[in-house]
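Colleague: By the UniProt record's numbering, the letter at position 1 of the sequence shown is numbered 1, and the numbering carries on one by one without gaps.
Here's a structure for you.
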Amino acid sequence: MCEEEQRALRGHRVPCRKHHRHGLHFLALTDDKGWLIRICAARPGRTHDATVARHDHLVEHLEAAGLGALADLGFLGVDKPDAPDDLGIVAGFKATRYRKPTAGQKEANRVPAAGRAPVEHGFTHLKNWRILTKLRSDPARATGLLRVLLVLTNLEVNR
1 MCEEEQRALR GHRVPCRKHH RHGLHFLALT DDKGWLIRIC AARPGRTHDA TVARHDHLVE
61 HLEAAGLGAL ADLGFLGVDK PDAPDDLGIV AGFKATRYRK PTAGQKEANR VPAAGRAPVE
121 HGFTHLKNWR ILTKLRSDPA RATGLLRVLL VLTNLEVNR
């Protein structure tokens, strides 16, 4: 008896690949006021934020422009500054079950969180496009579509 037949006899359904859809992961950059500036290439939905930042060389582009970035905890470890004054990606401090953050670390986490609030509004404007709710396509095609939506979003918000 083959493996699939054994699995079916045990009560396990054989997975059907016909309706299997993959999500997409986009990384967008905004300015401090929440205006969308750039969208990186689309990746499969399972891709982590830090991986996208490394593959697209975001830290190098920020350093070349003399800029820094506020990010969430998904970007921890992406930026390894040579000096404490180097600009890069500021992500905050992560707490674990066994290591709680100190009072100073909690305060340091509040400052970037307040700066990220307008940025989240910029993402909200982009997510208002209904096509993004069911977009399941090739990442290369989705990148072009999302960059067009970026331009349309900026035109719509600036009206």
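Backbone N, C-alpha and C define an ideal beta-carbon position, used for all residues, glycine too.
Because the structure is a prediction, the values reported are computed rather than measured.
Report the CB separation of residue 50 from residue 77 in whole angstroms; it is logged as a contact under 8 Å.
Modeller: Taking the first residue of the sequence shown as 1, we reach residue 50 at position 50. Taking the first residue of the sequence shown as 1, we reach residue 77 at position 77. With 8 Å as the limit, residue 50 and residue 77 qualify as a contact, their Cβ atoms being about 6 Å apart.
Colleague: Under 7 Å Cβ to Cβ from residue 92, same chain only, skipping five residues before and after it: list those, please.
Modeller: To locate residue 92, count along the sequence shown from 1; it is residue 92. Cβ neighbours of residue 92 beyond the five flanking positions: 73, 108, 109 and 112.
Colleague: When burial is assigned at 16 or more other CB atoms within 10 Å of the CB, is residue 153 buried or exposed?
Modeller: Residue numbering aside, residue 153 sits at position 153 when the sequence shown is read from its first letter. Buried is the call here.
Colleague: I think residue 25 touches residue 53, with their Cβ atoms under 8 Å apart; what is that distance to the nearest whole Å?
Modeller: Taking the first residue of the sequence shown as position 1, residue 25 is located at position 25. Taking the first residue of the sequence shown as position 1, residue 53 is located at position 53. Actually they do not touch by this definition, with Cβ atoms about 11 Å apart.
Colleague: Within the region 49-132, note down every full alpha helix (DSSP H) run reaching 4 residues or more, in order along the chain.
Modeller: Runs found: 49-55, 58-65 and 103-127.
Colleague: Kindly give me the distance between the Cβ atoms of residue 122 and residue 36, rounded to whole angstroms, as I take these residues to be in contact under 8 Å.
Modeller: Along the sequence shown, one-based indexing puts residue 122 at 122. Along the sequence shown, one-based indexing puts residue 36 at 36. About 5 Å; that satisfies the 8 Å criterion.
Colleague: What is the C-beta distance between residue 59 and residue 88, in whole angstroms, given that I count them as a contact (C-beta under 8 Å)?
Modeller: Position 59 of the sequence shown, counted from the start, is the residue given in the question as residue 59. Position 88 of the sequence shown, counted from the start, is the residue given in the question as residue 88. The Cβ separation is near 6 Å, so the contact holds.
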